[in-house]
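Here's the structure, in structure tokens; my notes come after.
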């Protein structure tokens, strides 16, 4: 007898080839996670015909739907494919020796970008033949670890044991990267200044926040049931623009260095800003190079802020930003960095995960 135990679970993700067809996971495709919440909804079409009595007969199977999310600690290595699928564009270049930089940008077209997801649940292997990552949410707050949630929609589900593309035998070859340190709040630095201002100045533009949150989403058609798939969906297609939002939280309302009073005032004028948020890991790849995630936001506006008085206590402050496309890369940003968000991930992976 087998019992499903969360602590015995592990996941694997591998780039797909044909929507609806599973791919075998293997070495370095594994990932650790905090929790998964993928809901399975298989419609039951009830019997509604009249037949001289008050009873229904057995219904029929309808469409299948699988949507949800997977929550993880943010790791500098091992989430490369997840992130690339969420952005849609990932170019990789060698920095020095075994150090590589992956530049992630939101793509205008994300068709053909999907993966096979497998979750080990002890009793069986739950194999989602193809998944589309529709968005992600990154958060980190004082004293804690960074967490990331990936939203997804799946084509179909196979429950495998000794048969199937990913079965008990093949899954034994799944491994995780050895250097996969978790990003921590203590490793984060954030800068912000005017969109048309100079490059970031550590003495002037660094903000001393207590929490950071980022949401990157895009709507998709998730109910395209055609004669191609019958009860299962075709590959979801983008059905709207990217929506990129971020939030800085401070424990106190302040006009001191690293504070927020000027930004609170800017919420009235809707002035334009630029920002950079960097997380640098403890793992030293080689020489002066460490695991790193740097996120660039070339143009920001403030839709809302909150510095209301909670009572006799210190006044906390929260400022939300909408990240939009800039007409040109602002000072301090690389040429071509105009998308609402650009992320540079530095680790040892030698190729783009979606190449």
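In the working numbering, the protein residues as written are 57 to 411. Just so you know, even glycine gets a beta-carbon here, dropped at the ideal spot from N, CA and C.
Run through the DSSP bridge pairs and tell me what residue i is partnered with.
i, result
"residue 268", "196, 304"
"residue 152", "155"
"residue 145", "161"
"residue 276", "294"
"residue 80", "According to DSSP, which records beta bridges pairwise, residue 80 is partnered with nothing at all."
"residue 191", "207, 273"
"residue 215", "182"
"residue 391", "Residue 391 pairs with nothing; no bridge assigned."
"residue 201", "240"
"residue 333", "246, 351"
"residue 340", "346"
"residue 385", "Paired residues: none, contrary to the question."
"residue 176", "181"
"residue 403", "156"
"residue 171", "71, 187"
"residue 398", "352"
Can you tell me which of the three DSSP states residue i falls into?
i, result
"residue 356", "strand"
"residue 62", "helix"
"residue 243", "helix"
"residue 256", "coil"
"residue 376", "strand"
"residue 87", "strand"
"residue 229", "coil"
"residue 362", "strand"
"residue 299", "strand"
"residue 262", "strand"
"residue 324", "helix"
"residue 318", "helix"
"residue 312", "coil"
"residue 411", "coil"
"residue 368", "coil"
So residue i and residue j are supposed to be a Cβ contact under 8 Å. How far apart are they, rounded?
i, j, result
"residue 129", "residue 201", "5 Å"
"residue 76", "residue 285", "7 Å"
"residue 307", "residue 372", "6 Å"
"residue 246", "residue 227", "The pair is not a contact, with the Cβ atoms about 40 Å apart (cut-off 8 Å)."
"residue 72", "residue 179", "Contact flag wrong, Cβ pair sits at about 25 Å."
"residue 196", "residue 241", "5 Å"
"residue 183", "residue 321", "Actually they are not in contact, since the Cβ atoms of residue 183 and residue 321 sit about 53 Å apart, beyond 8 Å."
"residue 415", "residue 276", "There is no way to answer for residue 415, as the model of the chain reaches only from 57 to 411."
"residue 222", "residue 80", "6 Å"
"residue 133", "residue 347", "7 Å"
"residue 194", "residue 216", "No, residue 194 and residue 216 are not in contact; Cβ-Cβ is about 32 Å, not under 8 Å."
"residue 250", "residue 94", "About 43 Å separates the two Cβ atoms, so there is no contact after all."
Chain D beta carbons: is any one of them nearer than 7 Å to that of residue i?
i, result
"residue 109", "Note that chain D does not occur in the displayed structure, where there is just one protein chain."
| request: Inspect the CB distances between the region 374 to 392 and the region 316 to 334 and report whether three or more fall short of 8 Å. | output: At 8 Å Cβ cutoff, the stretches touch.
| task | State whether the region 256 to 275 contacts the region 287 to 304, with contact taken as three or more CB pairs (one from each stretch) at a distance under 8 Å. | result | They touch, by the three-pair rule.
| task | Please determine if the region 112 to 121 and the region 135 to 144 are in contact, where contact requires at least 3 C-beta pairs separated by less than 8 Å. | result | Flag = no, the region 112 to 121 and the region 135 to 144 do not touch.
| query | Is the region 226 to 236 touching the region 84 to 91 in the sense that three or more CB pairs, one from each, lie closer than 8 Å? | reply | Contact between the region 84 to 91 and the region 226 to 236 is present, with at least three C-beta pairs closer than 8 Å.
| At least 3 beta-carbon pairs within less than 8 Å: the region 145 to 165 vs the region 187 to 197 | In short, these stretches do not touch, since the Cβ pair count stays below three.
| Can you find at least 3 beta carbon pairs, one from the region 358 to 367 and one from the region 393 to 405, that sit closer than 8 Å? | Because the criterion of three Cβ pairs below 8 Å is not met, the region 358 to 367 and the region 393 to 405 do not touch.
| task | Ignoring anything shorter than 4 residues or poking outside the region 94 to 149, list the alpha helix (DSSP H) runs there in chain order. | result | Taking only runs of at least 4 residues, the alpha helix (DSSP H) segments lying wholly in the region 94 to 149 are 136 to 143.
| said: Does the contact criterion of 3 or more C-beta pairs under 8 Å hold for the region 345 to 354 versus the region 381 to 399? | reply: Counting Cβ pairs under 8 Å, three or more are found: they touch.
| With contact counted as at least three CB pairs below 8 Å, one residue from each stretch, are the region 60 to 73 and the region 159 to 173 in contact? | Counting Cβ pairs under 8 Å, three or more are found: they touch.
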